[in-house]
Amino acid sequence: MVTLGFDLAELECEGLLGFSVHRIDHEENGAYFLEGMKCFAETDPGFPAGATYPTNEQPIQSFQWADYTAKPGHRYTYTITALKGAPPSLTASADVAVEVTTEGPENGDHDVYFNRGVAASQAYVDRFGNRRPEQVQNGQAWIWLSRGLYEAMTAFVEAAVPGTHTLRVAAYEFHYEPFLKLLKDAINRGVDVKIVYDGRKAKPGDNNREAIAKVDENGGEALADHCKERRSNKSYISHNKFIVKLENGAPVSVWTGGTNFSDGGIFGHSNVAHVVEDPDTADLYLKYWTALREDPTNGKLNDITEDLTPLPAMPPPSGTSVIFSPRSDLTALQWYADLAMIGREGVFMTFAFGMHDLFKDVYRNSAAPFRLALLEKATRPLKEGSPEREAEEEAIQLLRNMPANTFAIGSLIATNKIDGWVQEHLSGLNRNVKYVHNKFMLVDPMSDKPWWSPARRTSATPRLTRMTRTCSSSLATRASPTFTSASSCASIPITPFASRWPGAIPAIHPSLCGPIGGGRTTLETRNVRFAANSSPVDSRRFS
């Protein structure tokens with residue numbers, strides 16, 4: 045994903061109707077205007093819901109835009125042009141060209157993979173209609189939803205060489221049969237594989253056991269003989285999702301992140317995975333796995349994790365730092381909140397299970413002028429109508445009302461009657477967390493000292509590629525410095541304008557890169573400052 049921010053001197057804004065965005069792909073020798081989903085009434089061609097229009101004909105009425113069709117490892121030139129005149133005869137008044145090189149996920153020793161996850165998006169409907177993923181021929185919906193995450197997961201296992209490599213797996217949901225079969229195949233090739241998974245209760249324990257048994261029906265060495273259940277802590281889930289790889293007995297790399305080994309985790313909601321090729325990090329994960337295999341009670345495990353991974357200094361050292369849970373108190377959570385408070389330019393966080401009070405304080409008091417939050421729901425799981433839930437919803441709403449905060453909350457478009465959007469449906473792969481399962485934090489990602497922090501996993505500085513820029517008019521448009529990284533390819537885009545006007549709709553759809561409230565279906569020709577609900581949106585064309 046490439047995010048563009050631009051402005052125009054106020055003296056130059058008289059008669060401004062919006063901006064066009066032109067892209068040159070230097071790798072594929074393609075050149076075209078990006079598209080949006082709103083048009084002027086005077087030049088509306090009458091296309092059906094879901095149609096898109098080139099921005100040189102129907103310009104963007106916003107000072108930011110995101111290109112979700114950008115590909116990893118490509119060099120692009122974007123030209124943003126300010127357009128004036130009248131809708132039937134737009135004229136260019138100023139432009140700026142910006143060159144971007146996107147990063148490939150396999151660069152360096154810390155690879156980051158985001159799936160697309162949520163089938164309830166305009167992009168999914170555009171490609172596959174409202175068919176469930178299993179109804180799409182040749183597995184194409186699964187491939188699109190994975191966005192390379194499952195392919196990287198399988199590659200991590202398939203690269204294991206018998207007699208050389210060892211795999212140690214820790215899992216919560218462990219029931220995606222194709223992946224279990226892959227591990228069984230590795231075992232039968234002679235790779236040393238051992239697995240520990242959550243078996244405390246029926247969910248996910250029964251699903252895990254049933255999937256293992258199903259895979260073992262095909263003969264060969266039994267996968268079940270290489271598995272051990274964690275059962276000691278009836279009230280605490282074993283929420284791990286990692287694989288340690290050893291080479292000639294020494295840990296060398298780890299697959300980690302928030303992605304369960306299940307169809308819902310890989311394809312059903314938004315997730316991220318990391319491959320960290322660092323022996324020190326892998327060694328910590330191996331020691332953690334060894335402790336988990338003994339199935340200690342949480343009281344004992346607290347001591348092990350706190351001794352194994354004491355909290356890093358603040359700010360964290362360069363490289364990768366590791367923090368394991370469980371912990372005996374909330375000191376680690378406070379450490380993350382303190383890290384967020386370092387931000388002076390921007391704070392970006394995801395919340396799969398509600399926002400803890402420590403992070404409410406961050407969004408209330410941070411000095412960063414640009415603070416985004418992506419939430420599965422407005423609250424943690426609470427009974428509908430309860431005083432606790434109502435108080436939580438009010439607290440979140442007060443934060444959403446703050447000018448520096450932008451919150452997007454999981455939802456879907458259930459009708460074809462909103463601003464040209466097409467009705468969406470969920471995949472049905474997840475019952476509880478349907479949209480946002482990510483748990484990460486970015487602090488000042490566009491600065492010279494960015495911090496990347498997957499919550500309760502690792503804290504690492506991502507590799508960044510800064511855009512170069514040239515301006516054809518010193519008084520006209522200028523592009524804000526923008527960066528791209530492997531970790532920027534999130535499957536659920538949001539906009540700086542999406543939730544500052546919470547009265548428009550009760551929840552912002554997570555696949556939008558602009559607001560949909562207010563009922564305006566056309567571009568404005570009279571308001572140069574662009575009302576929040578008049579900006580055209582293009583979430584349909586991101587890939």
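Residue 45 is where the sequence shown starts when you use the numbering used here, and the numbers rise one by one after that.
Quick reminder that beta carbons are idealized off the backbone N, C-alpha and C, glycines included.
Assuming Glu56 and Ala138 make a contact with CB atoms under 8 Å, what is their CB distance in whole Å?
-> 7 Å
Residue(s) in a DSSP beta bridge with Glu79 | Pro98
What is the rounded straight-line gap between the Cα of Pro360 and the Cα of Ser410?
-> 18 Å
For Arg191 and Leu226, the rounded distance between their alpha carbons = 19 Å
Reducing DSSP to helix, strand and coil, say where Asn342 ends up.
-> helix
Compare the C-alpha of Gly301 against each of Val316, Glu291 and Val288 and name the closest.
-> The shortest Cα separation from Gly301 among Val316, Glu291 and Val288 belongs to Val316.
Taking the Cβ atom as the reference point for each residue, do Met358 and Tyr407 lie within a distance shorter than 9 Å?
-> no
Using the beta-carbon count (16 or more within 10 Å), is Gly249 buried or exposed?
-> buried
Please state if the CB of Pro116 and the CB of Glu147 are separated by a distance shorter than 9 Å.
-> yes
When the distance is taken between beta carbons, is Glu221 closer than 9 Å to Lys247?
-> no
Span separating the alpha-carbon of Ala448 from that of Leu442 = 12 Å
Would you mind sorting Pro431 into buried or exposed? The rule is 16 or more other CB atoms within 10 Å of its CB.
-> It is exposed - the Cβ of Pro431 has fewer than 16 other Cβ atoms within 10 Å.
Tyr157 in three-state terms, based on DSSP | strand
Paired residues, beta bridge with Asp269 - DSSP | The partner list for Asp269 (beta bridge, DSSP) is empty, contrary to what the question assumes.
Between Val65 and Leu48, is the Cβ-Cβ spacing less than 9 Å?
-> yes
For Arg388, which residues from the same chain have a beta carbon less than 8 Å from its beta carbon, with the 5 sequence-adjacent residues on both sides left out?
-> Answer for Arg388: Ala411, Ala412, Asp488 and Ser491, listed in chain order.
By how many angstroms is the C-alpha of Ala452 removed from the C-alpha of Ala422?
-> Straight-line Cα distance between these residues: approximately 9 Å.
For my contact list, Leu193 and Gly308 are in at a C-beta cut-off of 8 Å; report their separation, rounded to the angstrom.
-> With 8 Å as the limit, Leu193 and Gly308 do not qualify as a contact, their Cβ atoms being about 13 Å apart.
Quick one: any contact between the region 281 to 298 and the region 322 to 333, if contact means 3 or more CB pairs under 8 Å?
-> yes
Got a sec? Which residues, its chain only, sit under 6 Å from Phe18 by beta carbon, not counting five neighbours each side?
-> Residue 18 is absent from the model: the chain starts at 45 and stops at 587.
Buried or exposed (CB count within 10 angstroms, at least 16 for buried), His70 | Exposed, by the Cβ-count rule.
Length-filtered (3 minimum) beta strand (DSSP E) runs lying within the region 309 to 390 | 316 to 320 and 364 to 366
Just confirm the distance between the C-beta atoms of Pro103 and Phe63, as a whole number of angstroms; I'd bet it's less than 8 Å.
-> 5 Å
Between which two residues does the beta strand (DSSP E) carrying Glu291 extend?
-> Lys285 to Glu291
Find out if the Cβ-Cβ distance for the pair Tyr112, Val319 is shorter than 9 Å.
-> no
Three or more C-beta pairs below 8 Å linking the region 327 to 347 and the region 254 to 269 = no
Entirely enclosed alpha helix (DSSP H) segments - the region 391 to 437, minimum 4 residues | Fully contained in the region 391 to 437 are the following alpha helix (DSSP H) runs of length 4 or more, in chain order: 401 to 409.
Does DSSP put Ser190 in a helix, in a strand, or in coil?
-> helix
State the start and end residues of the unbroken beta strand (DSSP E) segment that holds Arg119.
-> Taken as a continuous stretch (DSSP letters only), the beta strand (DSSP E) holding Arg119 covers Arg119 to Ala130.
I think Ala164 touches Glu468, with their Cβ atoms under 8 Å apart; what is that distance to the nearest whole Å?
-> 4 Å
Bridge partners of Phe305, per DSSP?
-> Under DSSP, Phe305 takes part in a beta bridge, and its partners are Phe218.
Considering only C-alpha positions, which residue in the set Lys228, Arg275 and Phe392 is nearest to Trp495?
-> Phe392
Can you give me the start and stop residues for the beta strand (DSSP E) that Glu597 sits inside?
-> Residue numbering for the chain in the displayed model covers 45 to 587; residue 597 lies beyond these limits and cannot be assessed.
Thinking C-beta only, is Leu189 closer than 9 Å to Gly312?
-> yes
Is Gln166 buried or exposed, if buried means 16 or more other CB atoms sit within 10 Å of its CB?
-> Taking all protein chains shown into account, Gln166 has 16 or more neighbouring C-beta atoms within 10 Å of its C-beta and is therefore buried.
If you drop the 5 nearest sequence neighbours on each side, which residues of the same chain put their C-beta closer than 6 Å to that of Ala215?
-> Tyr241 and Phe305
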